[in-house]
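Structure first, then comments.
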Amino acid sequence: MTKTYTAIDVHVHPGTKEFLSNAMGHYADAAEKYFRKTVPIKTETEMAEEFREEGVFGVLLAWDTRSATGLPPVTNDYVASIVEEFPNDFMGFASVDPWRGKTALSELRRAVECLGLRGLKVQQIAMAFRPNDRQFYPMWELCCELEIPVLMHCGTTGLGAGLPGGGGLLLDYGRPIYIDEVAADFPDLSIICAHPAWPWQSEMIAIALHKANVVIDLSGWSPKYFPEELKKEIGTRLQDKALFGTDYPYISPKRWLSDFTDLGFSEEIKQKILLDNAKRILGI
Ligand SMILES: [Zn+2]
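Residue numbering for the sequence shown follows numbering that gives the first Met the number 0, starting at 0 and increasing by one per position.
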């Protein structure tokens, strides 16, 4: 990896057809409405150029919700192939479907040991599981053994938003408090909680302040709309525990960074949130 980047975006979905049309399936239109944006499908090369232009290194996320949604995954092999082609622009996190039991565990091991992916991404609402359910604990044990962080979804989601019955998805799975128990039971597990966790923002902040192994990413919302409580905490008590993330392709690094600049944080705080905290958590 060359050192030309000035920020690390820890929450990047591929802006290609593999994620936007295949893996999003019947949720694609609702997600666009939620983000009030039509999201053009890009090629891997266009995506890498977009990140390079902003000086941003991205953590590209695989996605596997097949048991709960019936939709095809963004495979670990696909993410690894992009990382291999653009190693100066991206690193990758694996995703496995927790309901696939031992198959999920062996796939996670393969993704890390053979494909070189360096974290695990789960989206509990789309995968329909609670992370503190004991049947999924082997996944967290394996993350500890492989020494990789896990990125967990928090708060509401654009998936199913505005559809009858929310497309069958339950927001409850996105409650941060379930992660609190995982963090307590696995003190060596490095957990990145994604997004301002609305409507459980205070709950999320309390957990990040209480558990040394929990940090938050700031993806999925333009900084312009961050709740006051979140703005205050990331500039003070959570300054070493908040990480830049976009939720690309729904929010571009250009837009996020420009709106973040407008919040007026000091250079020291910006440096931590945009770069240093992620380097520490990702071990780069
Ligand atoms: Zn996301």
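In this text, a Cβ means the ideal position worked out from N, Cα and C, and glycines have one as well.
It should be emphasised that the depicted structure is a prediction, and the values quoted were computed from it without experimental measurement.
- Task: Report yes or no: do the stretch 39-56 and the stretch 168-186 share at least 3 C-beta pairs separated by less than 8 Å?
- Result: Note that the stretch 39-56 does not touch the stretch 168-186; fewer than 3 beta-carbon pairs, one per stretch, sit closer than 8 Å.
- Query: Would you say G284 and A127 are within 8 Å of each other, going by their C-beta atoms?
  - Reply: There is no way to answer for residue 284, as the model of the chain reaches only from 0 to 283.
- Message: Please identify the residue among R279, P148 and T37 whose C-alpha is closest to the C-alpha of K302.
- Response: Lying outside 0 to 283, the shown extent of the chain, residue 302 is not represented and no answer is given.
- Determine the contact status of G14 and P248, defining contact as a CB-CB distance below 8 Å. Going by C-beta atoms, G14 is nearer than 8 Å to P248.
- Query: With burial defined as no fewer than 16 other Cβ atoms inside 10 Å of the residue's Cβ, what is the status of K269: buried or exposed?
  - Reply: Flag for K269 reads buried.
- Query: Is it true that the CB of K36 sits closer than 8 Å to the CB of G161?
  - Reply: Not in contact: G161 and K36 (Cβ atoms no closer than 8 Å).
- By the 10 Å Cβ neighbour count, where 16 or more other Cβ atoms means buried, how is N87 classified, buried or exposed? By the neighbour-count criterion, in which 16 or more other beta carbons inside 10 Å mark a residue as buried, N87 falls on the exposed side.
- Query: Rounded C-beta distance between P27 and G157? I'm assuming under 8 Å.
  - Reply: The displayed chain sequence assigns Ala, not Pro, to residue 27. Between A27 and G157 the beta-carbon gap is near 10 Å, outside 8 Å, which marks them as no contact.
- Task: Grab the span of the alpha helix (DSSP H) containing C143 for me, first residue to last.
- Result: Residues Y136 to L145.
- Expressed to the nearest angstrom, what Euclidean distance is found between the alpha-carbon atoms of F264 and W199? So the two alpha carbons sit approximately 24 Å from each other.
- Does ligand 1 have a heavy atom nearer than 7 Å to the CB of A193? The answer is yes for A193.
- Task: Note down, in chain order, each residue of its chain lying with its Cβ closer than 6 Å to the Cβ of E202, except the 5 sequence neighbours on either side.
- Result: Around E202: P175 and I176.
- Task: Indicate whether L262 and K240 have their beta-carbon atoms separated by less than 8 Å.
- Result: Taking 8 Å as the Cβ cut-off, L262 and K240 do not qualify as a contacting pair.
- Query: Distance, Cα to Cα, H10 vs H152?
  - Reply: In this structure, the alpha-carbon of H10 lies about 10 Å from that of H152.
- Spatial distance of Q123 from R99 (CA atoms): Looking at the backbone, the Cα of Q123 and that of R99 are separated by about 14 Å.
- Query: Is it buried or exposed for Y77, if we count other Cβ within 10 angstroms and need 16 for buried?
  - Reply: Buried.
- Beta carbon of I7, beta carbon of A277: below 8 Å? Contact: yes.
- So who's on the other strand from C113, going by DSSP bridges? When beta bridges are read from the DSSP output, C113 appears opposite no residue.
- Query: So, L242 versus D258, is the Cβ gap smaller than 8 Å?
  - Reply: It is not a contact, given that the beta carbons lie outside the stated cut-off.
- Task: Can you tell me which of the three DSSP states A241 falls into?
- Result: When secondary structure is reduced to three states using DSSP, A241 falls in the strand class.
- Entirely enclosed beta strand (DSSP E) segments - the stretch 75-114, minimum 3 residues: The qualifying runs are 89-92.
- Out of curiosity, what's the CA-to-CA distance linking H209 and C192? Their Cα atoms are separated by approximately 14 Å.
- Query: According to the Cβ coordinates, are I204 and E232 closer than 8 Å?
  - Reply: E232 sits close to I204, with the two beta carbons spaced by under 8 Å.
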